[in-house]
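Taking it in order: structure first as structure tokens, then the write-up.
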Amino acid sequence: MINDERPNRLPDSLPADPMHWADAWLKEAISTRVRRNPDAMTVVSVSSDGQPSARLVLCRKFVPDPGYLVFHTNYQSKKCLDFENNPRAAAVFHWDTLGRQIRIEGLIVKSPREESDSYFANRDKGSQLGAWGSDQSYPIQSKDKLIRQIRDRGISMGLSLREGTTQFTEAPASTIKRPPHWGGLRLWANAIELWIEGRDRIHDRGRWSRNIMPASETEFTVTPWSGTRLQP
Ligand SMILES: Cc1cc2nc3c(=O)[nH]c(=O)nc-3n(C[C@H](O)[C@H](O)[C@H](O)COP(=O)(O)O)c2cc1C
3 MINDERPNRL PDSLPADPMH WADAWLKEAI STRVRRNPDA MTVVSVSSDG QPSARLVLCR
63 KFVPDPGYLV FHTNYQSKKC LDFENNPRAA AVFHWDTLGR QIRIEGLIVK SPREESDSYF
123 ANRDKGSQLG AWGSDQSYPI QSKDKLIRQI RDRGISMGLS LREGTTQFTE APASTIKRPP
183 HWGGLRLWAN AIELWIEGRD RIHDRGRWSR NIMPASETEF TVTPWSGTRL QP
């Protein structure tokens, strides 16, 4: 059901700051706990032979100005192999009960190391161990083997785990450092679409684009957004 209290259209004159609108929509989805994982988004990568693939990840940071979002992953995963060949990516958020969709396209770069370190340091210990223990996207014979692999790696790092499990016997005394193969990715937006669900499928769509030029390993300089209304 669409919430009729919410405006079902964008302003007649499209706003000049679509990333701020997207940020407000994401914040509303999170603050109203619109669903479990309100920050989940589908991210698409394209392999060297042109095959797109999509998966859900969690958007942990949204920076409307200058305009990028951040998610975290294993740098040796399938998606990252794709991004190394082709940094172009697309992301989609959809909140059914809010009647809103956001589509973002752009370029992927790794987050600065310190940013990944500080995000990793605040993860729970189980997730930290998991980042060391799983070779994301690579085959393994069984779930039991995976658990053994995570345990073995944890124990070799000096962690104390309950027999046969990946659970800690007690909170680890020392900090678990971020694995070099795990960290943040920034998706710098060069296109964004805001979509609002309307009655009888008369939805409202605004699409904006801009140029982004590399300024450093993690930053881009950007031109102003230019927006167009699209038919649904
Ligand atoms: C709700 C949800 C959230 C997820 N969040 C992440 C995430 O933030 N980072 C991540 O690497 N994988 C996340 N995953 C797992 C991915 O969907 C995917 O299985 C994994 O990243 C491997 O993808 P790849 O082999 O295409 O690289 C999530 C899955 C779900 C269902």
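With our numbering, the residue at position 49 of the sequence shown is 51, and numbering never jumps. We put the CB at the ideal spot given by N, CA and C, even for glycine.
When beta bridges are read from the DSSP output, His96 appears opposite Gln103.
Ranked by Cα distance from Ala26, the first of Pro66, Asn39, Thr44 and Arg11 is Pro66. Membership of Ile198 in the beta strand (DSSP E) is indicated by the continuous run Trp184 to Ile198. Look at Asn87 here: in three-state DSSP terms it is helix. A residue is called buried once 16 or more other Cβ atoms fall within 10 Å of its Cβ, and Ile142, having fewer, is exposed. Secondary structure at Tyr70: strand, using DSSP grouped into helix, strand and coil. Close CB contacts of Gly108 within its chain, under the 6 Å cut and outside five residues either way in sequence, are with Leu189, Trp190, Ala191 and Asn192 (chain order). For Asn124, the Cβ stays outside the 8 Å cut-off from all heavy atoms of ligand 1. Spatial neighbours of Lys63 in its own chain (CB-CB distance under 6 Å, excluding positions within 5 residues in sequence) are listed in chain order as Val72.
Rounded to whole angstroms, Thr167 and Arg153 show a C-alpha spacing of 7 Å. In the displayed model, Leu161 falls within coil according to three-state DSSP, outside both helix and strand.
Beta-bridge annotation (DSSP): Val36 is not paired with any residue. Boundaries around Lys127 are those of the alpha helix (DSSP H), Lys127 to Gly135, since no beta strand (DSSP E) includes it. Out of Phe122, Ala56, Met43 and Ala91, the CA that lies nearest to the CA of Ile178 is found in Phe122. Shortest gap from the CB of Gln169 to any heavy atom of ligand 1: 8 Å or more. Here Ile157 is exposed: its Cβ has fewer than 16 other Cβ atoms, across all protein chains shown, within 10 Å. When only Cα atoms are considered, Asn39 and Leu60 end up about 7 Å apart.
In the three-state scheme derived from DSSP, where H, G and I count as helix and E and B as strand, Ser228 is classed as strand.
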